[in-house]
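**Q** Could you have a look at this structure, given as structure tokens, before my questions?
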């Protein structure tokens, strides 16, 4: 006797009868149902194993295009869907290429437009943009040298570097412009600008870099890489700003004659090149009115801020950690549609559970051990998220069924001992006699024979379900969930079952896309906690060092902490999930938002150091730095909105969240710092003196 392994059909059936026979045969086969064929018989699947690395996105995408071409050239099916991780990788590569082409021109034009609105002169646009252009070029060149590839997160680097890089230029050009409006000669205006801003620009850039470097505590490579190179680009922009902006301001033409330069009535003032226009005056008046109101109502303002923080903390408790394919792309994206179709049939996510049994040789030929796995599979089959399971158990049951003339009672695992019936020929009294003989055989030996027959008959899937020494059994579980929350519940249920039900000597490990997705989702949370706490501590220490006071360092941190809480509150109340994109927001806000605190406090302490009374010092600070801070927030925030053109939805969410939180951060700086200053004057020792 033997075992025959053959194709389900050699010739494609053509008649209704042949099709009906094929349908019956495949639906009776447990190995085919919800795998190669859907249970209703209306859909079929082709499983393709690719001989290429999962990170070879270029060849993966070429394969995807070739498969689509084959379907187009061979019509005959109503619909087809191509899904799986290789297609996800290929699609992400396409998105990266498209985003890279879109982001840079979009954000560059947006930055030019906003700089023109702010300064209304060519040099006000050219100076910051030249610095940004060089810093981006150098940063990308460093990435090329170290062979760092672009991914879905680092593809946004130009947006971040443009948005961050123009910040120094805005502050420096604003200060220079104010000096020229006051009638200072060009050289003195540049020198005074450097005297007042060299330290703040240096420290804001370093603190911004520290904020992004806090992302390097993450084990998620795209986030880690992103943090490193944004920090590198930020420091490059700082160096270039301090070197090139003063030089450019000295050589760029201003249409001013030598006899007029330095005069309060020179041509550039009368022509409006450095003149305060109506919009500037209106904007400044608005800031003055707001500041005066804050100074009169400092305590109610701080109380309102505390209430907002309390509400935000409640919102924080509602934030969900979620990561799913459907949340990454638009609902009509081909990848999402294909994924949904796969989930209706066999599921699109896999868990590979490797089960080990110690204490015996070839444990997976022992029927008692296999029955433990069978019970485990029955448990999994009752889980609502599980579509199908496949292991050595299913293969042995199918072999037993086929070996025993397709009798249903043999579609099972062998028992500890079995009786095999066979017809044997005997010689009795000179005659040949056929008799049915029953022989007892152990279940272990019977399984061993089944497996030998299977391999000798050309079976080639044994290595997919067990290793060659029969020490490690692979149980493949396919699920239909696309939610990491649901996937984590399932993995926990599996772990709990193993602890409760597995006999002594059994152990298991899980791998595959589902555990990877869950681990990535959990790492988003842990890296968020580590990076956030690390950046807050580092920035606080730097502020305390800059201003030589722990209390003043805390004063600078309060607007940042307020903004971070506000950010999480918005996420909780508007059901914005914490994922690989939104996990970046807090560190970005701290890294960039600290600039506003440093510029504001540096100016205020300088005013106090010059002997100005506190209220006047705050008013002068708003007058000299207020517009630069708000212009910076608006320009940088709108720069990040360039990410909204991405097809990768986490970047779209990231764009509007950064825009919102940066503007909140600037507003919090302009409101909370003066309110704190007049409320806690004695604690902060904010009196006119030379000790600043």
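Numbering (the working numbering), first residue to last: 26 to 717. Even for Gly, the Cβ is constructed at its ideal location relative to N, Cα and C.
Between which two residues does the alpha helix (DSSP H) holding residue 368 run?
**A** 359–370
**Q** For the segment 145–205, which segments carrying the alpha helix (DSSP H) assignment without a break, of at least 4 residues, lie completely within its bounds, in sequence order?
**A** Within the segment 145–205, the complete alpha helix (DSSP H) runs of at least 4 residues fall at 147–170.
**Q** If we require 4 or more residues per run, which alpha helix (DSSP H) segments fall completely within the segment 531–614?
**A** 538–571, 575–598
**Q** With residue 457 as the anchor, note down where its beta strand (DSSP E) starts and where it stops.
**A** 456–467
**Q** Rounded to whole angstroms, what is the Cα-Cα separation between residue 214 and residue 164?
**A** Cα-Cα distance, rounded: 31 Å.
**Q** By DSSP, does residue 264 sit in helix, in strand, or in coil?
**A** In the structure shown, residue 264 sits in a helix (DSSP, three-state: H, G or I).
**Q** By a C-beta neighbour count over all protein chains shown, 10 Å radius and 16 as the cutoff for buried, is residue 454 buried or exposed?
**A** Counting every other CB atom within 10 Å of its CB across the protein chains shown gives residue 454 a total below 16, marking it as exposed.
**Q** Consider the C-beta atom of residue 432 and the heavy atoms of the ligand FMN; say whether any pair is separated by less than 8 Å.
**A** This structure lacks the ligand FMN, and indeed carries no ligand of any kind.
**Q** Quick one: residues in its chain with C-beta nearer than 6 Å to the C-beta of residue 568, no 5 flanking neighbours on either side, listed in chain order?
**A** 578, 581
**Q** Taking the alpha-carbon of residue 461 as reference, which of 414, 628, 350, 445 has the nearest alpha-carbon?
**A** 445
**Q** Pick out the complete beta strand (DSSP E) segments inside the segment 464–513, 3 residues or longer, and give them in chain order.
**A** 497–504
**Q** What separation, rounded to the nearest whole angstrom, lies between the Cα atoms of residue 393 and residue 527?
**A** 12 Å
**Q** Helix, strand or coil: how does DSSP classify residue 33 here?
**A** coil
**Q** Taking just the CA atoms, how far does residue 427 sit from residue 31?
**A** 12 Å
**Q** Would you mind reading off the limits of the beta strand (DSSP E) that contains residue 377?
**A** Taken as a continuous stretch (DSSP letters only), the beta strand (DSSP E) holding residue 377 covers 374–382.
**Q** Take the Cβ of residue 207 as the centre, count every other Cβ of all protein chains shown within 10 Å, and call the residue buried at 16 or more, exposed below.
**A** exposed
**Q** Within a Cβ cutoff of 7 Å, which residues of the same chain sit near residue 297, ignoring the five residues on either side of it in sequence?
**A** A caution first: residue 297 carries a pLDDT of 42, below 50, which makes its placement in the model unreliable, though a value can still be read off. Correct list: empty, nothing qualifies.
**Q** Run through DSSP, which three-state label would residue 712 get?
**A** coil
**Q** In its own chain, which residues sit with a C-beta less than 8 Å from the C-beta of residue 16, not counting the 5 before and 5 after it?
**A** Residue 16 falls outside the range modelled here, since the chain spans only 26 to 717, and no answer is possible.
**Q** Is it the case that the segment 640–650 contacts the segment 304–313, given that we only count it when at least three CB pairs across the two stretches are under 8 Å?
**A** Judged by Cβ distances under 8 Å, the segment 304–313 makes contact with the segment 640–650, as three or more pairs qualify.
**Q** Measuring straight from C-alpha to C-alpha, what distance separates residue 86 and residue 113?
**A** 9 Å
**Q** Note down, in chain order, each residue of its chain lying with its Cβ closer than 6 Å to the Cβ of residue 688, except the 5 sequence neighbours on either side.
**A** 658, 662
**Q** For residue 483, decide whether its Cβ has a neighbour in chain D, counting only Cβ atoms nearer than 9 Å.
**A** No chain D appears in the structure shown, which is made up of a single protein chain.
**Q** So what does residue 415 bridge to, in DSSP terms?
**A** 501
**Q** Per DSSP, residue 346 forms a beta bridge with which residues?
**A** 603
**Q** Evaluate the contact criterion for the segment 616–627 versus the segment 357–372: three or more CB pairs, one atom per stretch, below 8 Å.
**A** no
**Q** Counting beta carbon pairs with one atom in the segment 422–441 and one in the segment 344–362, are three or more of them shorter than 8 Å?
**A** no
**Q** Taking 8 Å as the cut-off, does the segment 130–138 touch the segment 661–681 (at least 3 CB pairs, one atom from each stretch)?
**A** These segments touch.
**Q** Give me the DSSP bridge partner(s) of residue 706.
**A** DSSP output for residue 706 lists no bridge partner at all.
**Q** Which residues does DSSP list as the beta-bridge partners of residue 446?
**A** According to DSSP, residue 446 bridges with 463.
**Q** Are the Cβ atoms of residue 436 and residue 536 separated by less than 9 Å?
**A** no
**Q** Could you tell me if residue 364 is buried or exposed, where buried requires 16 or more neighbouring beta carbons within 10 angstroms of its beta carbon?
**A** buried
**Q** Shortest alpha-carbon distance to residue 67 belongs to which of 306, 77, 49, 83?
**A** Checked all of 306, 77, 49, 83; the closest Cα to residue 67 is 49.
**Q** Give the straight-line distance between the Cα atoms of residue 19 and residue 69, rounded to the nearest whole angstrom.
**A** The structure shown does not extend to residue 19, since the chain is modelled only from 26 to 717, so the question has no answer here.
**Q** Might you give, ordered along the chain, the residues of its own chain that have their beta carbon closer than 6 Å to the beta carbon of residue 226, omitting 5 neighbours on each side?
**A** The answer, listed in chain order, is 193.
**Q** Please name the residue, chosen from 63, 36, 543, 612, that lies closest to residue 554 on a Cα-to-Cα basis.
**A** 612
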